[in-house]
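Asker: The structure follows.
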Amino acid sequence: MSLRRLAGLAVALVLGLGFYAMAEAVQDPVVVRYRVPIVGLAAPVRVVQLSDIHAGWLDMPPSRIARIAAQANALKPDLVVLTGDYVGGKVYDWPRLFHRPVLRALSVLEAPLGVLAVPGNHDSPRWTSWVFAETPIRLLVGSFIDVGPLVVVGGDSIGNPVPPVPGLRHAMDSAPQDKPMITLSHEPDTFEYLDRRSQLHLSGHSHGRQILIPGLDPTHSNPFVSAHRRGLFRENGRWLLVSSGVGTTFVPLRFRVPPEIVVIELVPAHSVGRNSGTER
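When you line the sequence shown up against mature numbering (1 follows the signal peptide of the UniProt record, and there is no 0), it's residues -23 to -1, 1 to 257, in that order.
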């Protein structure tokens, strides 16, 4: 085979994989289900998590966000949590990111116990507080909310100017101690600094690697993130859940890591069952 023909085949292969990765990036999210026992919980609570939307490019227009929100509503959640990175994060971000249309599209999310959010490393405090204030979504930044069956504590992103862990710990100390507690932050490594009061920590950030090529597994600069890219983990008697998110970062491509909506069935600790599964 000639060198020219080999080069042509290589180009065709790269283009084909590129189009496949673009198609995977914009497909409807798969629904990934987990079951987590919570000590002190009186009755099951269904939590739906959306993470890493990264709006601002053609792969994530407000119309697609609205479809994802409708898909989440169809899962009949008791509680919805959003774990950061709502806009930006591409190799080039447009000078003006449309925060309001993104949050307006997410405002259709519905759950009896509320819709809660924390910021990500691409969500500047210059806009998050006032844009979220225009929506029914409750932004938690070093604060907590008692939603009835449990307490939810949310922290800031490591990427923002104020270190998030002291605020998260202060909120945990200020929250009611007689109810089960779960915590939210964008980056999974916050989990390392929390104590056993946080029975479940929900996060995103890693995108599950986003592009998964067999034999090629680049390490993250943070070893904890490298070891906890996606899924449900149990360490030191606590649970950590890392979502691979629905959007993309750097480039609008996904390969073998589809966008996902996470459903977490919180059950009383005496209820034992299967801990994970994927619904397509």
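Note that CB positions come from ideal geometry on N, CA and C, so glycine has one too.
Does the Cβ of Q26 have 16 or more other Cβ atoms within 10 Å, making it buried, or fewer, making it exposed?
Answerer: Locating residue 26 in the sequence shown gives position 49, where the first residue counts as 1. Flag for Q26 reads buried.
Asker: Grab me the residues of D155's own chain with a C-beta within less than 6 angstroms of its C-beta, minus the 5 sequence neighbours each way, in chain order.
Answerer: By 1-based counting over the sequence shown, the position of residue 155 is 178. Here the set comprises nothing.
Asker: I'd like to check one pair, E164 with I188: are the Cβ atoms closer than 7 angstroms?
Answerer: Here residue 188 corresponds to residue number 211 of the sequence shown, with the count starting at 1. Here residue 164 corresponds to residue number 187 of the sequence shown, with the count starting at 1. The answer is no: Cβ separation not under 7 angstroms.
Asker: Under the three-state reduction of DSSP, which class applies to D172: helix, strand or coil?
Answerer: Reading the sequence shown from its first residue, position 195 is the one you call residue 172. Reduced to three states, the DSSP call for D172 is coil.
Asker: Using a threshold of 7 angstroms, state whether the C-beta atoms of L86 and V92 are closer than that.
Answerer: Here residue 86 refers to the residue found at position 109 of the sequence shown. Here residue 92 refers to the residue found at position 115 of the sequence shown. Yes. Within cutoff.
Asker: Rounded to whole angstroms, what is the Cα-Cα separation between R115 and F109?
Answerer: If you number the sequence shown from 1, residue 115 lands on position 138. If you number the sequence shown from 1, residue 109 lands on position 132. Roughly 7 angstroms between the two C-alpha positions.
Asker: Can you name, in chain order, every residue of its own chain whose Cβ lies under 8 angstroms from the Cβ of A47, other than the five neighbours on each side?
Answerer: For the purposes of this step, residue 47 is taken as residue 70 along the sequence shown, with counting starting at 1. Contacts found: V85.
Asker: Comparing C-alpha positions only, which one of R174, A32 and D100 sits nearest to residue 343?
Answerer: What the structure shows of the chain is the stretch from -23 to 257, and residue 343 is not part of that stretch, so it cannot be assessed.
Asker: T226 lies in the alpha helix (DSSP H); which residues open and close that run?
Answerer: Start at 1 with the first residue of the sequence shown, and residue 226 comes out as number 249. That residue, T226, is in no alpha helix (DSSP H); it is neither H nor E in DSSP.
Asker: Compare the C-alpha of R41 against each of P235, P245, V239 and V223 and name the closest.
Answerer: The residue you call residue 41 lines up with position 64 of the sequence shown. Per the Cα distances, V223.
Asker: P39 by DSSP, collapsed to three states: which one?
Answerer: As a working mapping, residue 39 is identified with position 62 in the sequence shown. Looking at P39 - three-state DSSP - the assignment turns out to be helix.
Asker: Could you give the DSSP three-state label for W216: helix, strand or coil?
Answerer: As a first step, residue 216 must be located in the sequence shown, where it is residue number 239. Looking at W216 - three-state DSSP - the assignment turns out to be strand.
Asker: So the candidates are E237, L161, D123 and Q176; which of them puts its Cα closest to the Cα of G208?
Answerer: Residue numbering aside, residue 208 sits at position 231 when the sequence shown is read from its first letter. Checked all of E237, L161, D123 and Q176; the closest Cα to G208 is E237.
Asker: Short of 7 angstroms in beta carbon distance, which residues of its chain neighbour V124, apart from the five on each side in sequence? Order them along the chain.
Answerer: Taking the sequence shown and counting its residues from 1, the one referred to as residue 124 is at position 147. In its chain, beyond the 5 residues on either side, L56, L90 and G91 have a beta carbon closer than 7 angstroms to the beta carbon of V124.
Asker: To the nearest angstrom, how far is the alpha carbon of E1 from that of V13?
Answerer: In the sequence shown, counting from the first residue as 1, residue 1 sits at position 24. In the sequence shown, counting from the first residue as 1, residue 13 sits at position 36. Rounded to the nearest angstrom, the two C-alpha atoms are 29 angstroms apart.
Asker: Let me know the secondary structure DSSP gives R211 once reduced to three states.
Answerer: Your numbering for residue 211 matches position 234 in the sequence shown. Strand.
Asker: Going along the chain, which residues of its own chain have a beta-carbon closer than 8 angstroms to the beta-carbon of E256, five neighbours each way excluded?
Answerer: Numbered from its first residue, the sequence shown carries residue 256 at position 279. Reliability of the predicted coordinates at E256 is poor, the pLDDT of 49 falling under 50, and the value obtained from them is presented with this limitation in mind. Answer for E256: V7, V8, V9 and R10, listed in chain order.
Asker: For A246, which residues from the same chain have a beta carbon less than 8 angstroms from its beta carbon, with the 5 sequence-adjacent residues on both sides left out?
Answerer: Counting from 1 along the sequence shown, the entry for residue 246 is found at position 269. If we look at A246 and ignore the five residues flanking it on each side, its Cβ neighbours are P14, I15, V16, G17 and L18.
Asker: F227: buried (16+ other C-beta within 10 angstroms of its C-beta) or exposed?
Answerer: Along the sequence shown, one-based indexing puts residue 227 at 250. By the neighbour-count rule (16 or more Cβ atoms within 10 Å), F227 is not buried but exposed.
Asker: Decide if Q4 is buried, meaning its Cβ has at least 16 other Cβ atoms within 10 Å, or exposed.
Answerer: Here residue 4 refers to the residue found at position 27 of the sequence shown. Counting Cβ neighbours within 10 Å, Q4 comes out exposed, since fewer than 16 surround it.
Asker: Cutting at 6 angstroms between CB atoms, please list the residues of its own chain near T112, excluding the five before and the five after it.
Answerer: Taking the sequence shown and counting its residues from 1, one reaches residue 112 at position 135. Within the same chain, T112 has close Cβ partners L80 and S84.
Asker: Nearest by alpha-carbon distance to V118: which of V219, V130 and R103 is it?
Answerer: As a first step, residue 118 must be located in the sequence shown, where it is residue number 141. It is V130.
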